[in-house]
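S.K.: Counting from 1, position 36 in the sequence shown corresponds to residue 52 in my numbering; the numbering is continuous, with no gaps. Don't be surprised by glycine CBs; every beta carbon is placed ideally from N, CA and C. Following this message is one structure expressed as structure tokens.
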Amino acid sequence: MSNLFFFRFLMAQPNSGAAAAFNLPIEERGAYDIYVYFAERDDLARDTPITVHHADGVVQLALNQTQSGNWPRLGCWPL
Numbered sequence: 017m018s019n020l021f022f023f024r025f026l027m028a029q030p031n032s033g034a035a036a037a038f039n040l041p042i043e044e045r046g047a048y049d050i051y052v053y054f055a056e057r058d059d060l061a062r063d064t065p066i067t068v069h070h071a072d073g074v075v076q077l078a079l080n081q082t083q084s085g086n087w088p089r090l091g092c093w094p095l
């Protein structure tokens with residue numbers, strides 16, 4: 017398995033309803049651990065919705081961005 021690191025950075029104003037999509041360039045099928053990074057800040061959302069589309073379906077998650085400051089693992093899915 018490769019050490020794929022895919023980095024993109026986006027910001028939006030609070031309550032803007034903005035959304036972002038990140039499409040990863042997967043060259044080899046397999047199960048991949050998916051991580052996300054949020055800077056630790058008190059003014060970020062406490063229930064950020066995250067949707068992961070993978071080979072077996074879709075997973076809906078909600079993350080508290082105010083308690084991150086690291087790379088929480090979202091899960092491992094087939095891509």
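Which residues does DSSP pair with residue 41 in a beta bridge?
M.R.: Numbered from 1 along the sequence shown, position 25 holds the residue referred to as residue 41. Beta-bridge pairing links residue 41 to no other residue.
S.K.: Residue 91 lies in the beta strand (DSSP E); which residues open and close that run?
M.R.: To locate residue 91, count along the sequence shown from 1; it is residue 75. That run of the beta strand (DSSP E) goes 89-94.
S.K.: Any idea what DSSP makes of residue 36, helix, strand or coil?
M.R.: Position 20 of the sequence shown, counting from 1, holds the residue named residue 36. If DSSP states are grouped into helix, strand and coil, residue 36 belongs with coil.
S.K.: For residue 81, does the three-state DSSP call read helix, strand or coil?
M.R.: Here the question's residue 81 lines up with position 65 in the sequence shown. Residue 81 falls in the helix class under three-state DSSP.
S.K.: Check whether the Cβ of residue 28 lies closer than 8 Å to any Cβ atom in chain D.
M.R.: Here chain D cannot be found, since the structure has a single protein chain.
S.K.: CB-CB under 6 Å to residue 55, same chain, minus the five flanking residues each way: which ones, in chain order?
M.R.: Sequence index remark: in the sequence shown, residue 55 carries index 39 (1-based). Here the set comprises nothing.
S.K.: Under three-state DSSP, which class holds residue 30?
M.R.: What you label residue 30 is simply residue 14 of the sequence shown in a count that begins at 1. In the structure shown, residue 30 sits in coil (DSSP, three-state: anything other than H, G, I, E or B).
S.K.: Would you kindly check if the distance between the Cβ of residue 68 and the Cβ of residue 42 is under 8 Å?
M.R.: Your numbering for residue 42 matches position 26 in the sequence shown. Your numbering for residue 68 matches position 52 in the sequence shown. Their beta carbons are not under 8 Å apart, which means residue 42 does not touch residue 68 by this criterion.
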